[in-house]
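Residue numbers (our numbering): 152 to 411.
Shown next as C-alpha coordinates:
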(Lines of atoms letter the chains of each structure in order from A; the text may use other names.)
(Lines give C-alpha, C1' and ligand atoms only; values in the text may rest on other atoms or scores of the structure.)
Protein backbone atom coordinates (compact mmCIF):
# COMPACT_ATOMS: atom_id res chain seq x y z
CA UNK A 152 0.00 0.00 0.00
CA UNK A 153 1.31 3.43 -0.89
CA UNK A 154 2.22 5.59 2.11
CA UNK A 155 -0.56 7.98 2.97
CA UNK A 156 -3.23 5.89 1.22
CA UNK A 157 -6.20 5.12 3.51
CA UNK A 158 -6.68 1.46 4.40
CA UNK A 159 -9.46 -0.45 2.69
CA UNK A 160 -12.60 -0.47 4.85
CA UNK A 161 -14.31 -3.87 4.89
CA UNK A 162 -17.51 -5.33 6.19
CA UNK A 163 -19.11 -8.65 5.34
CA UNK A 164 -20.40 -7.59 1.93
CA UNK A 165 -18.93 -4.15 1.26
CA UNK A 166 -15.47 -2.87 0.37
CA UNK A 167 -14.46 0.81 0.44
CA UNK A 168 -11.10 1.12 -1.29
CA UNK A 169 -10.79 4.81 -0.43
CA UNK A 170 -12.83 5.91 2.58
CA UNK A 171 -14.12 9.47 2.27
CA UNK A 172 -15.73 10.48 5.58
CA UNK A 173 -16.63 13.88 4.17
CA UNK A 174 -18.38 12.54 1.06
CA UNK A 175 -21.89 13.81 0.46
CA UNK A 176 -23.01 10.69 -1.42
CA UNK A 177 -22.18 6.99 -1.48
CA UNK A 178 -22.16 5.08 -4.77
CA UNK A 179 -22.76 1.37 -4.09
CA UNK A 180 -21.50 -0.73 -7.01
CA UNK A 181 -22.64 -4.24 -7.98
CA UNK A 182 -20.33 -6.28 -10.28
CA UNK A 183 -21.31 -8.45 -13.24
CA UNK A 184 -21.58 -12.25 -13.22
CA UNK A 185 -18.24 -13.73 -12.18
CA UNK A 186 -17.07 -10.28 -11.13
CA UNK A 187 -15.79 -8.99 -7.81
CA UNK A 188 -15.44 -5.82 -5.79
CA UNK A 189 -11.95 -5.22 -7.18
CA UNK A 190 -13.54 -4.15 -10.49
CA UNK A 191 -14.19 -0.81 -8.78
CA UNK A 192 -10.90 -0.36 -6.93
CA UNK A 193 -9.74 2.63 -9.01
CA UNK A 194 -13.13 4.33 -9.36
CA UNK A 195 -12.39 6.81 -6.53
CA UNK A 196 -9.57 8.18 -8.72
CA UNK A 197 -12.07 8.88 -11.50
CA UNK A 198 -14.93 10.37 -9.51
CA UNK A 199 -15.14 13.56 -7.43
CA UNK A 200 -14.07 13.61 -3.80
CA UNK A 201 -17.71 14.15 -2.85
CA UNK A 202 -18.46 10.52 -3.80
CA UNK A 203 -17.46 7.53 -1.67
CA UNK A 204 -17.39 4.34 -3.75
CA UNK A 205 -18.66 1.21 -2.00
CA UNK A 206 -18.16 -2.08 -3.88
CA UNK A 207 -20.27 -5.13 -3.07
CA UNK A 208 -18.23 -8.32 -2.67
CA UNK A 209 -20.33 -11.40 -3.39
CA UNK A 210 -19.53 -14.60 -1.52
CA UNK A 211 -17.24 -17.11 -3.22
CA UNK A 212 -14.60 -14.79 -4.67
CA UNK A 213 -11.35 -13.06 -3.73
CA UNK A 214 -11.23 -12.45 0.05
CA UNK A 215 -14.50 -14.39 0.39
CA UNK A 216 -13.30 -17.29 -1.73
CA UNK A 217 -13.86 -19.87 1.00
CA UNK A 218 -17.57 -19.03 1.23
CA UNK A 219 -20.32 -20.74 -0.73
CA UNK A 220 -21.60 -18.51 -3.57
CA UNK A 221 -25.22 -17.41 -3.34
CA UNK A 222 -27.15 -18.71 -6.35
CA UNK A 223 -30.50 -16.97 -5.85
CA UNK A 224 -31.09 -13.28 -6.58
CA UNK A 225 -33.79 -12.84 -3.93
CA UNK A 226 -31.61 -14.32 -1.18
CA UNK A 227 -28.63 -12.23 -2.25
CA UNK A 228 -30.72 -9.05 -2.38
CA UNK A 229 -32.09 -9.71 1.12
CA UNK A 230 -28.56 -10.14 2.49
CA UNK A 231 -27.14 -7.06 0.80
CA UNK A 232 -30.15 -4.90 1.75
CA UNK A 233 -29.45 -5.66 5.41
CA UNK A 234 -25.73 -5.03 4.94
CA UNK A 235 -26.15 -1.57 3.43
CA UNK A 236 -28.36 -0.25 6.24
CA UNK A 237 -25.42 1.44 8.03
CA UNK A 238 -24.56 3.26 4.79
CA UNK A 239 -27.88 5.05 4.66
CA UNK A 240 -26.84 7.90 6.94
CA UNK A 241 -26.33 9.97 3.79
CA UNK A 242 -27.69 9.90 0.22
CA UNK A 243 -26.92 6.70 -1.68
CA UNK A 244 -26.94 5.78 -5.37
CA UNK A 245 -26.62 2.28 -6.84
CA UNK A 246 -24.65 1.24 -9.93
CA UNK A 247 -24.99 -2.25 -11.40
CA UNK A 248 -23.47 -3.80 -14.50
CA UNK A 249 -25.18 -6.69 -16.32
CA UNK A 250 -26.35 -9.19 -13.65
CA UNK A 251 -25.24 -6.61 -11.09
CA UNK A 252 -27.93 -4.26 -12.41
CA UNK A 253 -30.64 -6.81 -11.63
CA UNK A 254 -29.23 -7.33 -8.14
CA UNK A 255 -28.97 -3.56 -7.55
CA UNK A 256 -32.60 -3.16 -8.61
CA UNK A 257 -33.78 -5.90 -6.25
CA UNK A 258 -31.84 -4.38 -3.35
CA UNK A 259 -33.37 -1.00 -4.21
CA UNK A 260 -36.85 -2.54 -4.06
CA UNK A 261 -36.13 -3.77 -0.54
CA UNK A 262 -35.25 -0.24 0.53
CA UNK A 263 -38.43 1.14 -1.07
CA UNK A 264 -40.55 1.05 2.13
CA UNK A 265 -38.19 3.50 3.84
CA UNK A 266 -39.48 7.07 3.77
CA UNK A 267 -38.00 9.27 2.66
CA UNK A 268 -36.14 6.93 0.33
CA UNK A 269 -32.37 6.97 0.91
CA UNK A 270 -31.76 6.03 -2.73
CA UNK A 271 -31.20 9.05 -4.95
CA UNK A 272 -30.60 7.18 -8.22
CA UNK A 273 -30.26 3.72 -9.77
CA UNK A 274 -27.72 3.44 -12.60
CA UNK A 275 -28.06 0.26 -14.68
CA UNK A 276 -25.55 -0.72 -17.36
CA UNK A 277 -25.74 -3.37 -20.08
CA UNK A 278 -28.89 -5.02 -18.72
CA UNK A 279 -32.42 -5.44 -20.03
CA UNK A 280 -35.35 -4.65 -17.72
CA UNK A 281 -36.04 -7.24 -15.00
CA UNK A 282 -39.11 -8.82 -16.62
CA UNK A 283 -37.03 -9.56 -19.73
CA UNK A 284 -34.23 -11.33 -17.86
CA UNK A 285 -33.94 -14.64 -16.11
CA UNK A 286 -35.65 -17.93 -16.86
CA UNK A 287 -35.35 -19.41 -20.32
CA UNK A 288 -32.09 -17.73 -21.35
CA UNK A 289 -31.30 -19.16 -24.77
CA UNK A 290 -27.83 -17.64 -24.67
CA UNK A 291 -26.72 -20.03 -21.92
CA UNK A 292 -28.88 -23.01 -22.83
CA UNK A 293 -26.93 -26.22 -22.25
CA UNK A 294 -24.19 -24.63 -20.10
CA UNK A 295 -23.75 -27.43 -17.56
CA UNK A 296 -20.35 -29.12 -17.75
CA UNK A 297 -16.96 -27.42 -17.56
CA UNK A 298 -16.58 -27.87 -21.31
CA UNK A 299 -19.97 -26.24 -21.89
CA UNK A 300 -18.85 -23.36 -19.71
CA UNK A 301 -15.56 -23.02 -21.59
CA UNK A 302 -17.41 -22.86 -24.90
CA UNK A 303 -19.84 -20.30 -23.49
CA UNK A 304 -17.01 -18.09 -22.22
CA UNK A 305 -15.22 -18.33 -25.55
CA UNK A 306 -18.40 -17.15 -27.26
CA UNK A 307 -19.13 -14.20 -24.97
CA UNK A 308 -15.57 -12.85 -24.89
CA UNK A 309 -14.68 -10.16 -22.35
CA UNK A 310 -12.00 -11.41 -19.93
CA UNK A 311 -12.79 -15.01 -20.90
CA UNK A 312 -9.53 -15.60 -22.85
CA UNK A 313 -7.49 -14.68 -19.75
CA UNK A 314 -9.52 -17.03 -17.56
CA UNK A 315 -9.40 -19.90 -20.06
CA UNK A 316 -5.64 -19.60 -20.56
CA UNK A 317 -4.79 -19.80 -16.85
CA UNK A 318 -5.77 -23.05 -15.14
CA UNK A 319 -5.31 -21.61 -11.64
CA UNK A 320 -7.49 -18.62 -12.49
CA UNK A 321 -10.02 -20.95 -14.10
CA UNK A 322 -10.29 -23.10 -10.98
CA UNK A 323 -10.68 -20.00 -8.81
CA UNK A 324 -13.30 -18.44 -11.07
CA UNK A 325 -15.55 -21.33 -12.05
CA UNK A 326 -17.52 -21.88 -8.79
CA UNK A 327 -18.53 -18.23 -8.47
CA UNK A 328 -19.24 -17.84 -12.18
CA UNK A 329 -21.35 -20.99 -12.29
CA UNK A 330 -23.31 -19.77 -9.26
CA UNK A 331 -23.83 -16.36 -10.85
CA UNK A 332 -25.05 -17.86 -14.12
CA UNK A 333 -27.47 -20.05 -12.19
CA UNK A 334 -28.63 -16.97 -10.31
CA UNK A 335 -29.17 -15.09 -13.57
CA UNK A 336 -30.98 -17.96 -15.27
CA UNK A 337 -33.36 -18.73 -12.40
CA UNK A 338 -34.28 -15.13 -11.65
CA UNK A 339 -37.97 -14.34 -11.96
CA UNK A 340 -39.23 -10.79 -11.67
CA UNK A 341 -42.27 -10.39 -9.46
CA UNK A 342 -44.25 -7.22 -9.96
CA UNK A 343 -44.55 -4.63 -7.26
CA UNK A 344 -44.53 -0.96 -6.40
CA UNK A 345 -42.13 0.96 -8.68
CA UNK A 346 -39.12 2.80 -7.35
CA UNK A 347 -39.33 6.53 -6.68
CA UNK A 348 -35.78 7.48 -7.68
CA UNK A 349 -34.64 8.32 -11.23
CA UNK A 350 -33.09 5.51 -13.26
CA UNK A 351 -30.11 6.07 -15.53
CA UNK A 352 -29.46 3.50 -18.25
CA UNK A 353 -26.01 3.11 -19.79
CA UNK A 354 -25.46 1.05 -22.94
CA UNK A 355 -22.26 0.33 -24.84
CA UNK A 356 -22.14 1.29 -28.50
CA UNK A 357 -20.96 -2.16 -29.61
CA UNK A 358 -23.13 -4.28 -27.30
CA UNK A 359 -25.12 -6.31 -29.82
CA UNK A 360 -27.39 -7.91 -27.21
CA UNK A 361 -28.32 -4.99 -24.98
CA UNK A 362 -28.37 -1.59 -26.63
CA UNK A 363 -30.36 1.49 -25.65
CA UNK A 364 -33.43 0.21 -27.48
CA UNK A 365 -33.47 -2.91 -25.29
CA UNK A 366 -33.02 -0.88 -22.11
CA UNK A 367 -35.73 1.76 -22.49
CA UNK A 368 -38.24 -0.51 -20.77
CA UNK A 369 -36.59 0.39 -17.47
CA UNK A 370 -38.87 3.45 -17.51
CA UNK A 371 -41.68 1.20 -16.26
CA UNK A 372 -39.84 0.40 -13.02
CA UNK A 373 -39.88 3.87 -11.47
CA UNK A 374 -42.21 6.81 -11.08
CA UNK A 375 -39.10 8.97 -11.43
CA UNK A 376 -37.38 10.08 -14.60
CA UNK A 377 -35.37 7.88 -16.98
CA UNK A 378 -32.28 9.15 -18.77
CA UNK A 379 -30.16 7.19 -21.22
CA UNK A 380 -26.51 7.32 -22.24
CA UNK A 381 -24.29 5.60 -24.79
CA UNK A 382 -20.61 4.93 -24.06
CA UNK A 383 -17.83 3.31 -26.14
CA UNK A 384 -17.16 -0.41 -25.88
CA UNK A 385 -18.95 -3.75 -25.95
CA UNK A 386 -20.97 -5.59 -23.31
CA UNK A 387 -17.86 -5.97 -21.15
CA UNK A 388 -16.90 -2.29 -21.20
CA UNK A 389 -16.57 -2.35 -17.42
CA UNK A 390 -13.33 -4.32 -17.80
CA UNK A 391 -11.78 -1.07 -19.09
CA UNK A 392 -14.30 1.65 -18.21
CA UNK A 393 -14.23 4.54 -20.69
CA UNK A 394 -13.87 8.13 -19.50
CA UNK A 395 -17.37 8.80 -20.85
CA UNK A 396 -18.84 6.54 -18.15
CA UNK A 397 -17.38 8.67 -15.37
CA UNK A 398 -18.56 11.85 -17.07
CA UNK A 399 -22.09 10.41 -17.03
CA UNK A 400 -21.79 9.37 -13.38
CA UNK A 401 -20.44 12.75 -12.27
CA UNK A 402 -23.32 14.43 -14.08
CA UNK A 403 -26.22 12.26 -12.87
CA UNK A 404 -24.94 12.06 -9.30
CA UNK A 405 -25.11 15.83 -9.08
CA UNK A 406 -21.38 16.41 -8.91
CA UNK A 407 -19.07 18.44 -11.09
CA UNK A 408 -15.98 17.20 -12.87
CA UNK A 409 -13.45 14.62 -11.74
CA UNK A 410 -11.29 14.39 -8.69
CA UNK A 411 -7.86 15.84 -9.38
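For glycine and all other residues, C-beta sits at the position ideal for the given N, C-alpha and C.
Please name the residue, chosen from 186, 231, 196, that lies closest to residue 249 on a Cα-to-Cα basis. What you label residue 249 is simply residue 98 of the chain shown in a count that begins at 1. Looking at 186, 231, 196, the one whose alpha-carbon comes closest to that of residue 249 is 186.
Starting from residue 354, trace the beta strand (DSSP E) both ways and give me its first and last residue. What you label residue 354 is simply residue 203 of the chain shown in a count that begins at 1. Start and end: 350-355.
Taking 8 Å as the threshold (C-beta atoms), are residue 304 and residue 314 in contact? On the chain shown, residue 314 is found 163 positions in, with the first residue counted as 1. On the chain shown, residue 304 is found 153 positions in, with the first residue counted as 1. Yes, these two residues count as a Cβ contact at 8 Å.
In angstroms, rounded to a whole number, what distance separates the CA positions of residue 328 and residue 216? Taking the chain shown and counting its residues from 1, the one referred to as residue 328 is at position 177. Taking the chain shown and counting its residues from 1, the one referred to as residue 216 is at position 65. Taking the CA atoms as reference points, residue 328 sits about 12 Å from residue 216.
Keeping to the same chain, check which residues put their C-beta closer than 6 Å to that of residue 222; ignore five residues upstream and five downstream. The residue you call residue 222 lines up with position 71 of the chain shown. Cβ neighbours of residue 222 beyond the five flanking positions: 330, 333, 334.
Candidates 195, 190, 163: which alpha carbon is nearest residue 174's? Indexing the chain shown from 1 puts residue 174 at position 23. Comparing Cα-Cα distances from residue 174 to each of 195, 190, 163, the minimum goes to 195.
Sufficient close CB pairs (3 or more, under 8 Å) joining the segment 346-361 to the segment 268-282: The segment 346-361 vs the segment 268-282: in contact.
Contacting residues, own chain, Cβ-Cβ under 7 Å from residue 202 (five flanking each side not counted): In the chain shown, residue 202 corresponds to position 51, counting from 1. Excluding sequence neighbours, residue 202 sits near 174, 176, 178, 404, 406.
Cα-Cα separation, residue 208 to residue 235: One-based indexing of the chain shown puts residue 208 at position 57. One-based indexing of the chain shown puts residue 235 at position 84. Each residue's alpha carbon lies about 12 Å from the other.
Counted within 10 angstroms of its Cβ, other Cβ atoms place residue 396 as buried (16 or more) or exposed: Here residue 396 refers to the residue found at position 245 when the chain shown is read from its first residue. Buried is the call here.
Spatial distance of residue 213 from residue 183 (CA atoms): Along the chain shown, one-based indexing puts residue 213 at 62. Along the chain shown, one-based indexing puts residue 183 at 32. The straight-line gap from Cα to Cα measures roughly 15 Å.
Can you give the Cα-Cα distance for residue 357 and residue 381, rounded to whole angstroms? Along the chain shown, read from residue 1 onward, the residue named residue 357 stands at position 206. Along the chain shown, read from residue 1 onward, the residue named residue 381 stands at position 230. The alpha-carbon atoms of residue 357 and residue 381 are separated by roughly 10 Å.
Between which two residues does the beta strand (DSSP E) carrying residue 379 extend? Locating residue 379 in the chain shown gives position 228, counting from the first residue. Its beta strand (DSSP E) spans residues 377-382.
Relative to the C-alpha of residue 225, which candidate in 169, 369, 261, 376 has its C-alpha closest? Residue 225 sits at position 74 when you count from the first residue of the chain shown. With distances taken between Cα atoms, residue 225 lies closest to 261.
Let's see if you can read the secondary structure: which residues bound the alpha helix (DSSP H) around residue 177? Walking along the chain shown from the start, residue 177 turns up at place 26. Counted as a single uninterrupted DSSP element, the stretch harbouring residue 177 is not any alpha helix (DSSP H) but the beta strand (DSSP E) occupying residues 176-181.
Start-to-end residues for the alpha helix (DSSP H) that takes in residue 205: As a working note, residue 205 is residue 54 in the chain shown. Per DSSP, residue 205 lies in no alpha helix (DSSP H); the unbroken beta strand (DSSP E) holding it starts and ends at 202-207.
May I ask which residues mark the beginning and end of the alpha helix (DSSP H) holding residue 324? For this step, residue 324 is matched to residue 173 along the chain shown. Counting along the chain, the unbroken alpha helix (DSSP H) around residue 324 starts and ends at 318-337.
Whole angstroms are fine: how far does the CA of residue 319 sit from the CA of residue 237? By 1-based counting over the chain shown, the position of residue 237 is 86. By 1-based counting over the chain shown, the position of residue 319 is 168. Between residue 237 and residue 319, the alpha-carbon positions lie close to 36 Å from each other.
As an exercise, report each continuous alpha helix (DSSP H) stretch of at least 4 residues that is fully enclosed by the segment 248-285, in chain order. Restricting attention to alpha helix (DSSP H) runs no shorter than 4 residues, the segment 248-285 encloses them at 250-262, ordered along the chain.
Distance, residue 255 Cα to residue 341 Cα: In the chain shown, the residue the question calls residue 341 occupies position 190. In the chain shown, the residue the question calls residue 255 occupies position 104. The alpha-carbon atoms of residue 341 and residue 255 are separated by roughly 15 Å.
What are the start and end residues of the alpha helix (DSSP H) that includes residue 167? Working through the chain shown from its first residue, we reach residue 167 at position 16. Where residue 167 is concerned, there is no enclosing alpha helix (DSSP H), although the beta strand (DSSP E) it sits in stretches over 165-167.
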